[in-house]
Every structure is written in structure tokens, then in C-alpha cells.
Amino acid sequence: MEYNDLMDLVADIGCRMAMSGAETYRIEESINRILSAYGVRSKAYSVPNSLIISILADDDTPYTRLCRIDSHGTDLDAVERYSNLSRRICAETPAPQQARIWLQQTQASGKQYSFPLYLLGNVLAACGFAVFFGGSLRDSLCAGICGLLLGFVMHALDRVKTNTFFQKLVAAFAMALAAYAAAGLGLTDNVNTCVIGALMLLVPGLLFTNALRDIIFGDTNSGINRIVEVLLIAAAIALGTGAAWNVANALWGIDGSASAQPISAVLQCIAGVVACAGFIILFNIHGPGELLCLLGSGMTWAVYCIVQASGGSELLCCFIATLVAAIYSEVMARVRKYPAISYLVISILPLLPGAGIYYTAHYAFIGDMRAAADCGTHTLAVSGAMAVGILVVVTTVRIVHGRLMQRRRRAA
């Protein structure tokens, strides 16, 4: 057995999955299953910045690989491709050299949206969410321009390899300052909806979802690590928008008292789907999964509206809508043999409390600490309701799957 080649192979696959945004359990499970298919006893341990793999050879000689994962992105197409490669290797168990060729082919077959389409994704997401949160057409256009600016800033900062916290802070500051400048020129009806619409581009939806799934699957260290990163990113967004507010208010003054316009549930669903179409591009999803993800997002918000119309509280609406989104993602994952995360992260986007993050920071920077505390507490409560919804579905699926596997082993 060529243990070194095999270790290099699984370490490379695991690192590529991690850099693409895969969940911790998926990385560890893929590595262990591949090694088990070759008859090798293994243990894999993954946290966001490193991967450790240990095996025992036939003569009980230990082999270990430690890999540092420096950069993370959001490439759900790559997560799907590497997951499919892992299944293929487990099914056919080729020689490690042949599996390496398959890995190279998988890497070369990757699809990426062009930079103009990446910018279009930013515009669609910002425009859609501006209307979704009650903005007018002028607010939507302004949010689209801010999203375009944000895309340029994030791309430039990513090329010079700045850290995530700094990227989010600078991007939030530039985007919010542009929105407040537009408000100072009288180009918007409600500057808050402009900022919130573009702000949703910075909300770490995939990171938040992966953190919850890691904790649910027992990967506590990784889950807590990701939760801390989510909180740091939220703080960076708050600091960036708050600093922009103070600068703009000192230079020309801002009237942020305008309230969001009431819009129909149908228009909200349409706007939410348009916004999620932008994230389809940003998360690099291709093929039939594009339409299925959009269907999930529209269905999730439709359920939210139905529960709300029935008299349910916001927390109950978020909980039930998240249940539906999680069930839908698990069903689609098993029907199409693709990772559930692709469907889940897009489906729950309309539920993410981007407005809560913005208003918490807004109230804090204007000195209304009571309102900031109330808004922050409510934002955490919404996040908790979503977490519980995902927890219920994923835990139930794991229990059912475990029992089915036990029955199959007994029958065999």
C-alpha cells in the first residue's frame, strides 16, 4: 500500500473542500470514507484553519499529515464536485496515482462566473434586498450602485490578501458612505433600506449555517470557532457602517428617520428571489441547482408570510420557515446526491437578520443604547430560532439515517 501517496491525496481533497466552504463533518467524513475504502484505519480532525489526518498501516506504523488552510472562500460548485469525487473514489478504489488524476480533472473542470457576472450578482442581491426590506425603486437603484461599489472593494482587497475582518470593515464603510452621500444629494427615499440591501452582501450566511451544522454534528471546536468569526464579522460590519454614519453626519447631516414602505407578500417573495439569484452567482452555483435553490428561497419566505398572516410572532415565523428550508435542503440533497448546504444557505437567506445588525449599530452610534440593546437582543433571538429549526431537522435526519444503517447491517 502506498500510504504516503494516499495520505497526500486525501489531504489535498480535504483542504480543497475546506477552502471551498464545506462543513467540517463533510471534510472529515469524506477523508475517513476514502481511507476506509482502501482498508486503512484513519482519524481526521478538521478546524477552519487546519486539517490533521492520522492512519495506521498494516504493521501498525503511524502516518500523520498536518495541513494549514490559509484561505477560505465560498464555492459551492467545488464542494459538490469534490464530494462527488470522494464518492467515486470510494466506489471504484483506483490506485492513488489514478485517483490523483481524477482530482486534477475535477479541479480543471471547475466553473467560475466571470468578473462582470460577479458584479452583476452584487447588484442583483443589493437591489432585491432593498425592495425586500421596504425600499422604493430609487432606493433599490441606489442599493444596486452601492452593491457594485462593494463588489469592486471586496475584489480589490481580496487580491491583496487582506484578512476577512478588515475586508468587511472597509467594504461596509465604503458602501454605507456612498449610500449616505446619495441620501445627502436627495437621490434616495429611505437611506436605511439602501444600506441594508447592500449590507446583506456582507452578512456571513454560509459561515453562520456551517457553524450551526458543525455544532449539531458534534464538531464543537469548529462550530464555536465559526460562531466567533460570525460575531467578529458582524462587529466589523457594524463598525464600518457606524463610522460611515458619523463621517457623513459630520460633513452634511443625515435624515435617517424615514420608515420602510409596506409591501405585499408577493412582491417580497419576488424581490427575495431576485436577491437570491445574485447570491447564486456569488456562491458559484451552477446547473439545475440554481433553479432548485431559488425555489427553496421563494418557498421559505412564502411559508414565513403564511405563518405571519396566521398571527404567528416573528420568532415563530423564522422557526417554521427554517424548518421548511432545512427539510427541503435535506430532501434535495438525497434526490440529487449533492450536499445539502447548497440548498440550505440560499433558502434561508431571506431570513438572515441583516436589518437587525444594521439597526443595532445605528442606534448604538446615535447614542440610543436602550434601542440598540433591544434590537441586538431581538437579532440574537431570530438567529436562535433559525438555529433551533436547523437543529431539529438535521438531528432527526441523523437519527433516522442511523437507524436505517443499523437495520441494513443486521439484514446483511
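Numbering-wise, the sequence shown is residues 1330 to 1741 according to the numbering used here. By construction, the Cβ of each residue, glycine as well, lies at the ideal position given by its N, Cα and C atoms. Owing to the predicted nature of the structure, the values given are computational and were not obtained by experimental measurement.
Asked	Found
Three-pair Cβ contact test at 8 Å for the region 1556–1565 versus the region 1531–1543	yes
Check whether L1405 and S1349 have beta carbons under 9 Å apart	yes
Residue range of the beta strand (DSSP E) that includes L1380	S1379 to L1385
Helix, strand or coil at K1497 according to DSSP, with G and I counted as helix	helix
Integer-rounded CB distance, given that Q1426 should sit under 8 Å from D1337	Wrong, their Cβ atoms sit about 11 Å apart, outside the cutoff.
Distance, L1506 Cα to W1581 Cα	12 Å
Start and end residues, beta strand (DSSP E) containing Y1442	First-last for Y1442: undefined, no H or E at that position.
Local Cβ density within 10 Å of K1497, reported as buried at 16 or more and exposed below that	buried
Cβ contact (3+ pairs, closer than 8 Å) linking the region 1597–1617 and the region 1442–1461	yes
Alpha carbon of V1520 to alpha carbon of S1465, nearest angstrom	10 Å
Euclidean distance between Cα positions of R1665 and E1659	10 Å
Identified DSSP bridge partners for T1393	S1383
Close beta carbons around T1393, own chain, < 6 Å, minus the five adjacent residues each side	S1383
Counted within 10 angstroms of its Cβ, other Cβ atoms place E1421 as buried (16 or more) or exposed	exposed
P1274 to A1654 span [Cα, whole Å]	The shown model of the chain, from 1330 to 1741, leaves out residue 1274, and the question about it has no answer.
Residue nearest to A1650 in terms of C-alpha spacing, selected from I1635, G1640, Y1667 and R1663	I1635
Bridge partner(s) assigned by DSSP for A1373	I1382
4-residue-minimum alpha helix (DSSP H) runs that sit fully inside the region 1588–1612, ordered along the chain	1594–1611
Local Cβ density within 10 Å of L1620, reported as buried at 16 or more and exposed below that	exposed
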